[in-house]
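For reference, the structure discussed in these notes is given below.
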């Protein structure tokens with residue numbers, strides 16, 4: 003969340019693309035506990051290599067990484083670097099850098115903007131309601147159709163890594179995120195032979211947390227934290243009555259956060275929905291959930307998981323992907339094409355066509371492709387591929 007100073011708002015520089023991009027590069031900077039040669043370093047390196055192999059945007063992402071004691075039940079957490087960006091410019095760049103069928107659909111169905119604050123285009127969106135008629139405070143028990151074309155309608159609080167993918171530049175060598183793991187959990191650093199029943203898949207958590215830095219985040223967590231009745235800052239005198247219309251709240255991913263709008267707000271029918279709670283979903287056509295991709299709805303006033311994740315434990319479905327909010331002991335992680343579709347939509351280009359794909363990557367596959375053992379080398383020479391088996395998913399600790 004960033005306060006807008008509209009008169010002084012600077013438009014970030016945008017690069018012109020004339021040649022195909024090659025690959026993303028992720029630079030890891032140890033801030034404690036991830037020394038070169040350590041198990042944590044190897045785990046982070048394998049996770050980074052996976053993202054580098056999948057993402058073809060020619061950008062460099064700088065990440066600080068650490069391994070220390072964190073809060074109760076938190077396996078890992080990511081603090082992403084972000085900045086204010088006009089929705090109008092971001093939507094233009096989504097269309098400009100897109101190179102896939104999914105990109106074409108997503109860009110064509112982005113909401114048409116209206117003239118808003120600072121001369122930039124603004125959108126209409128459902129948000130959580132207000133404590134006061136003046137728009138101050140957040141009441142998550144109600145919803146409003148926000149069409150006042152103010153700051154939160156015209157600007158995003160966008161991750162710098164995501165903006166780099168969209169062609170923005172001028173960030174220098176500053177860190178795009180800080181990722182820390184708890185050293186109070188027992189981790190399994192080698193999913194090549196499965197995950198021990200009393201351990202957590204380290205590479206899975208590393209891929210997940212890097213995924214947040216790359217842009218899988220939601221501003222709905224801000225509404226949730228500030229929102230009554232349960233938000234931790236809902237009664238804080240410094241935050242309880244903020245008017246969020248004056249702030250950039252949403253992420254790039256939130257441009258695809260829709261609901262069926264059962265309350266019939268606005269014109270009725272499916273609508274962009276940045277409210278806490280409800281049943282929001284990932285939509286590239288503005289009408290329906292893409293591949294059943296529903297989002298979590300808020301740690302305090304929603305489904306008890308941060309909104310910056312897929313929804314957990316949907317009846318009749320396995321985990322939606324690596325950006326699920328929870329993980330279990332003995333559970334092997336899995337990156338799905340649904341995960342990668344979200345990155346494709348927000349500006350990252352993927353090394354294969356994710357549209358409608360059921361392709362997935364287990365952390366066993368990822369580990370073995372990065373660190374092949376002698377037996378694996380022999381099998382590769384012989385033309386065989388090592389594949390990971392399906393694993394049963396169980397809910398336990400949470401991601402942040």
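Residue numbers (my numbering): 3 to 402.
No residue lacks a Cβ here, since even glycine has one placed at the ideal position from N, Cα and C.
From a predicted model like this one, the values you see are computed outputs, not experimental measurements.
* To do: Classify residue 354 as helix, strand or coil using the three-state DSSP reduction.
  => Here residue 354 corresponds to residue number 352 of the chain shown, with the count starting at 1. It is coil, neither helix nor strand.
* Taking Cβ to Cβ, would you say residue 50 is nearer than 9 Å to residue 214? -> What you label residue 50 is simply residue 48 of the chain shown in a count that begins at 1. What you label residue 214 is simply residue 212 of the chain shown in a count that begins at 1. Against a cut-off of 9 Å, the Cβ pair of residue 214 and residue 50 comes out as no contact.
* **Complete beta strand (DSSP E) runs within the segment 223 to 281 (minimum length 3 residues, chain order)** => 259 to 261, 273 to 276
* Asked: When DSSP labels each residue in this structure, what does residue 82 get in the three-state scheme?
  -> As a first step, residue 82 is located in the chain shown; it is residue number 80 there, counting from the start. Three-state result, residue 82: strand.
* Asked: Where do the N-terminal and C-terminal ends of the beta strand (DSSP E) with residue 361 fall, by residue?
  -> Indexing the chain shown from 1 puts residue 361 at position 359. Here residue 361 belongs to no beta strand (DSSP E), and DSSP marks it neither H nor E.
* If we count Cβ pairs, one from each stretch, closer than 8 Å, do we get three or more for the segment 217 to 235 versus the segment 342 to 352? -> yes
* Assuming residue 62 contacts residue 27 (C-beta within less than 8 Å), just tell me the rounded distance between them. => Start at 1 with the first residue of the chain shown, and residue 62 comes out as number 60. Start at 1 with the first residue of the chain shown, and residue 27 comes out as number 25. Going by Cβ atoms, the distance from residue 62 to residue 27 rounds to 5 Å, so yes, they are a contact pair.
* To do: Determine the direct distance from the alpha carbon of residue 93 to that of residue 350, and round the result to whole angstroms.
  => The sequence position of residue 350 within the chain shown is 348, counting from 1. The sequence position of residue 93 within the chain shown is 91, counting from 1. Using only the alpha carbons, I get a separation of about 13 Å.
* To do: Go ahead and pull the three-state DSSP assignment for residue 344.
  => As a first step, residue 344 is located in the chain shown; it is residue number 342 there, counting from the start. It is helical.
* Asked: Can you give the Cα-Cα distance for residue 200 and residue 335, rounded to whole angstroms?
  -> If you number the chain shown from 1, residue 200 lands on position 198. If you number the chain shown from 1, residue 335 lands on position 333. So the alpha carbons of these two residues sit roughly 15 Å apart.
* To do: Name the residue from 318, 304, 322, 305 whose alpha carbon lies nearest to the alpha carbon of residue 312.
  => In the chain shown, counting from the first residue as 1, residue 312 sits at position 310. It is 322 whose Cα lies nearest to the Cα of residue 312.
* Asked: Quick one: what's got a C-beta closer than 7 Å to residue 368's C-beta in the same chain, skipping five residues either side?
  -> On the chain shown, residue 368 is found 366 positions in, with the first residue counted as 1. These residues qualify, in order along the chain: 48, 52, 205.
* Asked: Span of the beta strand (DSSP E) holding residue 404?
  -> Outside the displayed span of the chain (3 to 402) sits residue 404, for which this structure offers no information.
* To do: Check whether the Cβ atoms of residue 225 and residue 85 lie closer than 9 Å to each other.
  => Within the chain shown, residue 225 is the residue found at index 223, counting from 1. Within the chain shown, residue 85 is the residue found at index 83, counting from 1. Not a contact, by the Cβ cut-off of 9 Å.
* Asked: If you scan the segment 81 to 165 from start to end, which runs of the alpha helix (DSSP H) of 4 or more residues do you find wholly inside it?
  -> 89 to 99, 103 to 110, 153 to 156
* Around the Cβ of residue 166, are there at least 16 other Cβ atoms within 10 angstroms (buried) or fewer (exposed)? -> Position 164 of the chain shown holds residue 166. When all chains shown are included, residue 166 counts as buried.
* To do: Report the three-state DSSP secondary structure of residue 218 (helix, strand or coil).
  => Position 216 of the chain shown, counting from 1, holds the residue named residue 218. Residue state, collapsed to three classes: coil.
* **Span separating the alpha-carbon of residue 77 from that of residue 161** => One-based indexing of the chain shown puts residue 77 at position 75. One-based indexing of the chain shown puts residue 161 at position 159. Taking the straight line from one Cα to the other gives about 22 Å.
* May I have the straight-line CA-CA distance separating residue 378 from residue 305, to the nearest angstrom? => The sequence position of residue 378 within the chain shown is 376, counting from 1. The sequence position of residue 305 within the chain shown is 303, counting from 1. Confidence at residue 378 is low in this model, with a pLDDT of 38, below 50, so its placement is unreliable and no value can be given for it.
* Spatially closest choice to residue 88 from 145, 158, 34, by CA coordinates -> On the chain shown, residue 88 is found 86 positions in, with the first residue counted as 1. Taking only the C-alpha atoms, the option nearest residue 88 is 158.
* Asked: How many whole angstroms separate the CB atoms of residue 258 and residue 286, which I take to be in contact at a CB cut-off of 8 Å?
  -> Along the chain shown, one-based indexing puts residue 258 at 256. Along the chain shown, one-based indexing puts residue 286 at 284. So it is a contact: roughly 6 Å between Cβ atoms.
* To do: Going by CA-CA distance only, name the one from 185, 30, 357, 337 that's closest to residue 177.
  => Taking the first residue of the chain shown as 1, we reach residue 177 at position 175. It is 30.
* To do: From the DSSP output, in three-state form, read off residue 51 for me.
  => Stepping through the chain shown from its first residue, residue 51 is reached at position 49. Residue 51: helix per DSSP, three-state reduction.
* With respect to the beta strand (DSSP E) encompassing residue 1, which residues constitute its N-terminal and C-terminal limits? -> In the structure as shown, the chain starts at 3 and stops at 402, and residue 1 therefore has no counterpart that could be examined.
* Name the DSSP bridge partner or partners of residue 336? -> Taking the chain shown and counting its residues from 1, one reaches residue 336 at position 334. Answer by DSSP bridge pairing, in chain order: 364.
* Consult DSSP for residue 302 and reduce its assignment to one of helix, strand or coil. => For the purposes of this step, residue 302 is taken as residue 300 along the chain shown, with counting starting at 1. Coil.
* Taking DSSP as the reference, what is the three-state secondary structure of residue 191? -> Here the question's residue 191 lines up with position 189 in the chain shown. Note: residue 191 maps to coil in three-state DSSP.
* Which two residues bound the contiguous beta strand (DSSP E) that contains residue 66? -> Taking the chain shown and counting its residues from 1, one reaches residue 66 at position 64. Residue 66 -> beta strand (DSSP E) spans 62 to 70.
* Simplified DSSP assignment, three categories, for residue 30 -> Stepping through the chain shown from its first residue, residue 30 is reached at position 28. Strand at residue 30.
* Asked: Around the C-beta of residue 44, are 16 or more other C-beta atoms found within 10 angstroms, so that it is buried, or is it exposed?
  -> As a working note, residue 44 is residue 42 in the chain shown. It is buried - the Cβ of residue 44 has at least 16 other Cβ atoms within 10 Å.
* Nearest candidate by alpha-carbon position, reference residue 318, set 327, 294, 302 -> Locating residue 318 in the chain shown gives position 316, counting from the first residue. Nearest option by C-alpha distance: 294.
* Among 154, 184, 234, the one whose alpha carbon lies nearest that of residue 69 -> Residue 69 sits at position 67 when you count from the first residue of the chain shown. Measuring from the Cα of residue 69, the nearest candidate turns out to be 184.
* Closest residue to residue 271 among 278, 263, 277 (Cα-Cα distance) -> Position 269 of the chain shown, counting from 1, holds the residue named residue 271. Nearest option by C-alpha distance: 263.
* Quick one: what's residue 322 bridged to in DSSP? -> One-based indexing of the chain shown puts residue 322 at position 320. For residue 322, which the question treats as bridged, DSSP gives no partner whatsoever.
* To do: Report the three-state DSSP secondary structure of residue 202 (helix, strand or coil).
  => Along the chain shown, one-based indexing puts residue 202 at 200. The answer is strand: DSSP assigns residue 202 an E or B state.
* Measuring CA to CA, which of 134, 118, 230, 181 is closest to residue 151? -> For this step, residue 151 is matched to residue 149 along the chain shown. Residue 151 has its Cα closest to that of 118, out of 134, 118, 230, 181.
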